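The next block holds one structure in the form of structure tokens; read it before the comments.
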Amino acid sequence: MLYKDLKDSIKSLGFLTIEDFVHYIGVTPSDILEWEEKDEVPYTISLIIHLLKGDKGLPNNITLDNLVEECLPLAELLEEASSFPHKLEEMFLLQKELNDSTNGKNWELGRNKFGKEINWLRCIHMEVAELIDSTPWKHWKNINAQPDMNNIHVELVDIWHFLMSYILQETNVPKAVSLVNTHCIYEALEDIDSKAMVKEAEKLSYISLAIETGNMPTFSGIERFIDQFFRCCKISGLSFTWLQKLYIGKNCLNKFRQDHGYKEGTYIKSWNKKEDNEVMVSILETMENVGFQDLYNKLEENYPSK
């Protein structure tokens with residue numbers, strides 16, 4: 018939406034001035050000046066206006082207030098989702114680069130550079146087991162324990178590594194992004210039901226076994242995988258944004274370690290009395306958008322000198 022369209026639209030909603038509209042939706046006058054300078058309006062605001070145009074009440078009408086309250090979270094989610102294809106492409110390209118470097122070119126044929134068989138389905142199955150072990154599922158041990166949600170999210174990121182690899186084994190990056198994109202738009206739950214989470218995670222193993230045993234076609238299995246994986250993310254409270262951040266973070270830290278003497282044994286893993294992975298997560302929490310190189314640079318800034 019252009020700025021000049023905004024001025025016409027708010028009049029149709031019953032606002033006398035742009036200042037009235039600004040006050041009503043809770044943004045600042047400086048935001049308006051920025052929109053005017055760029056001659057464009059953020060997607061969130063244009064979507065709200067679009068939805069509000071269907072209501073005949075005046076701005077102070079309680080129905081209109083309720084409509085704004087209901088549509089704002091959706092609008093924010095949709096605006097955030099506009100960046101998802103780019104984030105997905107970055108992750109798939111990073112995963113391909115990682116697989117190329119660790120497994121060798123043509124790993125998609127099912128063998129690494131040493132001739133060892135690659136079985137992504139088994140990898141997913143095993144990571145699901147580790148995820149479940151982060152919950153108090155055992156009836157004979159620690160029955161009152163709480164699920165380790167931080168580790169569960171890490172295990173979901175590990176599953177995502179292997180799921181992306183399996184998808185790339187069967188297709189290319191643009192097609193992979195297209196397959197996954199619409200599944201990323203969801204609101205992660207805040208109230209976590211660990212029993213339901215375990216049951217949904219187990220379904221990822223069932224899909225793996227069904228494909229492995231020939232009881233499910235590969236491509237329809239991929240679609241089932243994608244849908245089920247993001248369902249697991251949703252019920253475990255892992256948003257797509259945080260999934261992407263953790264994925265970039267784990268890949269970036271692994272490369273940083275290698276570049277700073279991990280193989281040679283000269284790498285410093287404790288940074289000011291904190292494990293490097295803790296430092297990495299704390300950096301992620303300060304970054305609104307995470308790019309591989311940006312995070313790498315921040316790790317470089319925080320790495321202790323010898």
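When the count follows the working numbering, it moves up by one through the sequence shown with no breaks and lands on 323 for the last residue. In this text, a Cβ means the ideal position worked out from N, Cα and C, and glycines have one as well. Quantities reported herein were computed from a predicted structural model and do not represent experimental measurements.
Cut-off 7 Å between Cβ atoms - residues of its own chain near residue i, not counting five sequence neighbours on either side
i           : result
residue 115 : 268
residue 49  : 35, 39
residue 130 : 120, 121
residue 293 : 270, 286
residue 102 : 194, 198
residue 273 : 313, 316
residue 228 : 138, 235, 238
residue 321 : 285, 288, 289
residue 151 : 164, 165, 168, 169, 172
Delimiting residues of the alpha helix (DSSP H) encompassing residue i
i           : result
residue 395 : A query on residue 395 cannot be resolved here, the shown segment of the chain reaching from 18 to 323 and no further.
residue 277 : Where residue 277 is concerned, there is no enclosing alpha helix (DSSP H), given that its DSSP letter is neither H nor E.
residue 298 : 293-301
residue 118 : 101-120
residue 305 : Segment: none, residue 305 is in no alpha helix (DSSP H) and carries neither H nor E.
residue 154 : Per DSSP, residue 154 belongs to no alpha helix (DSSP H) and is neither H nor E.
residue 38  : 35-42
residue 123 : Careful: residue 123 lies outside any alpha helix (DSSP H) and carries neither H nor E.
residue 186 : 166-187
residue 191 : 190-198
residue 223 : 211-229
residue 24  : 20-29
residue 205 : Taken as a continuous stretch (DSSP letters only), residue 205 belongs to no alpha helix (DSSP H), as it is neither H nor E.
residue 145 : 137-149
residue 160 : No alpha helix (DSSP H) holds residue 160; DSSP gives it neither H nor E.
residue 49  : 46-55
Euclidean distance between Cα positions of residue i and residue j
i           : j           : result
residue 281 : residue 295 : 22 Å
residue 125 : residue 226 : 20 Å
residue 315 : residue 33  : 47 Å
residue 195 : residue 234 : 19 Å
residue 261 : residue 312 : 13 Å
residue 75  : residue 203 : Only weak support exists for where residue 75 lies, its pLDDT of 41 falling under 50; the coordinates are left without a value.
residue 290 : residue 163 : 27 Å
residue 218 : residue 238 : 15 Å
residue 288 : residue 317 : 11 Å
residue 123 : residue 185 : 11 Å
residue 251 : residue 149 : 16 Å
residue 216 : residue 301 : 30 Å
residue 134 : residue 127 : 6 Å
residue 158 : residue 310 : 43 Å
residue 117 : residue 266 : 19 Å
residue 41  : residue 53  : 18 Å
residue 230 : residue 243 : 19 Å
residue 263 : residue 303 : 13 Å
residue 171 : residue 24  : 47 Å
residue 232 : residue 167 : 34 Å
residue 160 : residue 153 : 6 Å
residue 319 : residue 299 : 11 Å
residue 31  : residue 55  : 25 Å
residue 305 : residue 259 : 10 Å
Residue i versus the options, residue with shortest Cα-Cα distance
i           : options            : result
residue 120 : 31, 137, 164       : 137
residue 297 : 271, 190, 277, 189 : 271
residue 62  : 133, 26, 194       : 26
residue 308 : 31, 105, 113       : 105
residue 246 : 212, 229, 176      : 176
residue 165 : 24, 147, 241       : 147
residue 198 : 100, 123, 299, 209 : 100
residue 211 : 130, 292, 155      : 155
residue 66  : 187, 304, 28, 284  : 28
Spatial neighbours of residue i in its chain, beta-carbon cut-off 6 Å, leaving aside the 5 residues before and after
i           : result
residue 37  : none
residue 253 : 169, 214
residue 257 : 201
residue 284 : 274, 277, 278
residue 209 : 254
residue 183 : 137
Cβ-Cβ separation, residue j to residue i (assumed contact under 8 Å), whole Å
i           : j           : result
residue 174 : residue 109 : With a Cβ gap of about 14 Å, residue 174 and residue 109 do not count as contacting.
residue 249 : residue 221 : 7 Å
Nonlocal neighbours in the same chain, by C-beta distance under 8 Å from residue i, ignoring five residues either side
i           : result
residue 179 : 137, 140, 141, 144
residue 181 : 108, 109, 112, 193
residue 46  : 36, 39
residue 223 : none
residue 240 : 196
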